[in-house]
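Each protein sequence line maps, in turn, to chains A and B. Take the first sequence: its position 171, counted from the start at 1, is 171 in this note's numbering, and no numbers get skipped. To convert, count from 1 in the second sequence and add 182; that's this note's numbering. Read the structure below first, then the notes.
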Amino acid sequence: MAHDETPSVLHGLMAEFETPTALVAAAERARLEGYRDMDAYSPMPIEELREALGFPRTRLPRIVLGGGILGGLAGYGLQYWSQVVEYPLNIGGRPFHSWPHFIPVTFETTVLGAALGAFVGMWALNKLPMPYHPVFNVPAFARASTDRFFLCIETTDPRFDRHTTSQFLESLDPLGVSEVAP
Amino acid sequence: MAAAPGHPQDDDTAAGDGTFRVMPPVIAPGHTFESVTEKISGIVLTKRTRLGWFFGFAIGFGFLMLMNITIGKLLFTGIGVFGNNNPVGWAFPMINFVWWIGIAQAGTLMSAILLLFRQQWRTSINRFAEAMTLCAVACAAMLLLLHTGRPWLAAYWLLPYPNSMGLWPQFRSPLIWDVFAVSTYFTVSLLFWFTGLVPDLATLRDRTQSQAGKVMYGILSLGWRGSARHWHRYEMAYLLLAGVSTPLVLSVCSVVSFNFAVSVVPGWHSTIFPPFFVAGAIYSGFAMVMTLAIPLRKFFGLEDFITMRHIHNMTKIMLVTGMIVVYGYVNEVFFAWYSANLYEGYMVSNRMGGPYSGFYWSLIAINACMIQLFWFRRVRNNVGLLFVLSLLVNVGMWLERFIIIVANLHRDFLPSSWDIFQPTRLDVALFAGTIGLFLSLFFLFIRFLPALAIFEMRTIVPEAKLQPEQHG
């Protein structure tokens, strides 16, 4: 998708780095410079990037907790309702509400709820699947899933200016800076 | 930290050719992001499929077809095709179910428990161990369904859904707990495995040359772009999935053991069963991982990633869990004597001297005696020998399940109802068929998906370590 003339509307400006160290340092510099609407892209997780970019911790754990509680209640509720209300059976003289027998299934549905919460919650918060995203317009970005590291400052940032931001990114000593078509 | 390579007290062997004075590293030196990616994705993206792959797949697929024929015969005729008889109501399908579900445990142990313990060496083997889990649970689930003989009726015996007869499953039965445990286990393992695959599928999407590959990997990778915010949530989700999988994996074999322990059959009615089954599961699962890893690293030249470190660690885990299993055997004998219970005592003497005593002593020979070889470094360094031994462990654990099920059932409380169990040809064919299903799925997995977790491998190459700032 190599465009000859630069597009008039941009998603942002993207700098390419060779090492994770350079990316973390660049992200830190950009944050100190006052940029907020930016994202870093790397072929593997880099823990330090969260602090460098300054975004908050995820609320995923609460979703997982909620999923687990819902799963547990649903599992126990299903057993209580079916064994006590809907279809009571005398099994060896045990009470209809023989709760110790309901523990294993409640445990399994709790785990299932929590795991579904983690899975669905994570992809939903990440807004994936997403069939199209502007960063893929940069040809060099193909290596973002192998061995290259990218910092993208987006046009939505109040401090974004095509010229000064580009100069700033160049000053970070990247392999290259490219404009990201929307 | 256990993963520090070359730590002096870590082990191993007097120096020399191919042996190690210190613990070998988890990844051979000299690898970069690019080389790791190239090597692992190359196995999938190559246009030329190796002849050996076709050969292995053909064997698996052949047995899978045998399974289809067996299922046809079973559904057409009913469970009379099995060798089950009156005291031995559970035989081959249950033996094989427990065997497969036990094998499955190792994958989750590796992906979840070793992750929580920050065991870095799990990185290169967890992906295909997880795939092994899924294939093994698929085999177990097939047996669970088919042993009912009428799976379409089993739907309302086992699954709670509002049916027109107004019937509900009986939740006080361990058989129902088992259905929930196995189906939850399969679902969670699948979610865990797929989550781990997504960044690697994105790598394949970006590297593949073929149009079909671009479309397929493009869809499956969900548009993953490696954003720092995504990675942050991803790592959290992965950790939480590991956290919930850890009690899950321990619960699955415990629940399977409840199928036995909740009954009153001598030799089954025992409080040691849940931990005994869990240890046996991990033991047999690691044996299967070893059985798969040794040919895999040889065939695809993955010795740099699946190093001797992994082989040694897996052997040691097998040794530990195997010894726990032996403790279980000793415990059974002790309690048969200490309880002074006539039936418990007869159960043990029947195992040791009854018609199935040959099986019992073979299992003792393998699980109690043979594994003592794992104490020796020379054995742990001999990959060919370890392959044979890991196969034998699989046999030993199968024998254990045979003894637990058949030897305990065939002589119950009333001598007039005693009988001998003999498997029919269809029993054996169905078992061989599940091995075929397992092999077919596994061969497809190693051809079309990355067998090792590429993005996790990237985190352990030296380049990934952040350097302190040079200038400030």
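Just so you know, even glycine gets a beta-carbon here, dropped at the ideal spot from N, CA and C.
For leucine 151 of chain A, there is no enclosing alpha helix (DSSP H); the residue is part of the beta strand (DSSP E) that begins and ends at 149-154. The C-alpha of tryptophan 339 of chain B is placed about 28 Å away from the C-alpha of glycine 117 of chain A. Separation of the CB atoms of tyrosine 416 of chain B and proline 45 of chain A is rounded to 7 Å, and the pair is thereby assigned contact status at 8 Å. In terms of Cα proximity to tryptophan 272 of chain B, the closest of B/Leu357, B/Gly535 and B/Phe459 is B/Leu357. The Cβ of glutamate 154 of chain A sits no closer than 8 Å to any Cβ of chain B. Cβ contact annotation for threonine 497 of chain B (same chain, cutoff 7 Å, sequence separation greater than five): Phe556, Arg562 and Leu568, in chain order.
Phenylalanine 558 of chain B counts as exposed, since fewer than 16 other beta carbons sit within 10 angstroms of its beta carbon.
Beta-bridge analysis with DSSP links tyrosine 41 of chain A to A/Phe150 and B/Ser409. DSSP places glutamate 582 of chain B inside the alpha helix (DSSP H), whose first and last residues are 565-584.
Counting every other CB atom within 10 Å of its CB across the protein chains shown gives threonine 231 of chain B a total below 16, marking it as exposed. For methionine 14 of chain A, the uninterrupted beta strand (DSSP E) run begins and ends at 12-17, by DSSP.
When C-beta distances to chain A are compared with 8 Å, the residues of the region 408-430 of chain B below that value are Gly408, Ser409, Ala410, Arg411, His412, Trp413, His414, Arg415, Tyr416, Glu417, Met418, Ala419, Leu422, Leu423, Val426, Ser427, Pro429 and Leu430, in chain order. For glycine 176 of chain A, the enclosing beta strand (DSSP E) covers residues 176-180.
DSSP places methionine 398 of chain B within a helical segment (H, G or I) once states are collapsed to three. For leucine 634 of chain B, the secondary structure class from DSSP, reduced to helix, strand or coil, is coil. Secondary structure of histidine 133 of chain A (DSSP, three-state): coil. CA-to-CA, the gap between phenylalanine 374 of chain B and isoleucine 499 of chain B works out to about 23 Å.
Per DSSP, reduced to three states, the secondary structure at methionine 276 of chain B is helical. Neighbourhood of leucine 175 of chain A in chain B, by CB distance below 9 Å: empty, with the nearest CB roughly 14 Å away. Unbroken alpha helix (DSSP H) stretches of 4 residues or longer found wholly inside the region 76-136 of chain A: 99-125, given in chain order. Sequence-distant partners of valine 444 of chain B (beyond 5 residues in either direction) whose C-beta falls short of 6 Å from its own C-beta, in its chain, are Pro356.
In the structure shown, methionine 552 of chain B falls within a helical segment according to DSSP collapsed to helix, strand and coil. The three-state secondary structure of glutamate 28 of chain A, taken from DSSP, is helix.
Within the model, the alpha-carbon separation for threonine 315 of chain B versus glycine 510 of chain B is close to 24 Å.
For the C-beta of glutamine 391 of chain B, not a single chain A residue is nearer than 8 Å; the gap to the nearest is close to 12 Å. With a 10 Å radius around the Cβ and a threshold of 16 neighbouring Cβ atoms, phenylalanine 637 of chain B comes out buried. In this structure, the beta-carbon distance from leucine 246 of chain B to asparagine 278 of chain B does not fall below 8 Å. Fewer than three beta-carbon pairs drawn from the region 479-491 of chain B and the region 502-516 of chain B are found closer than 8 Å, and the two stretches are therefore not classed as touching. For tryptophan 359 of chain B, the enclosing alpha helix (DSSP H) covers residues 356-389.
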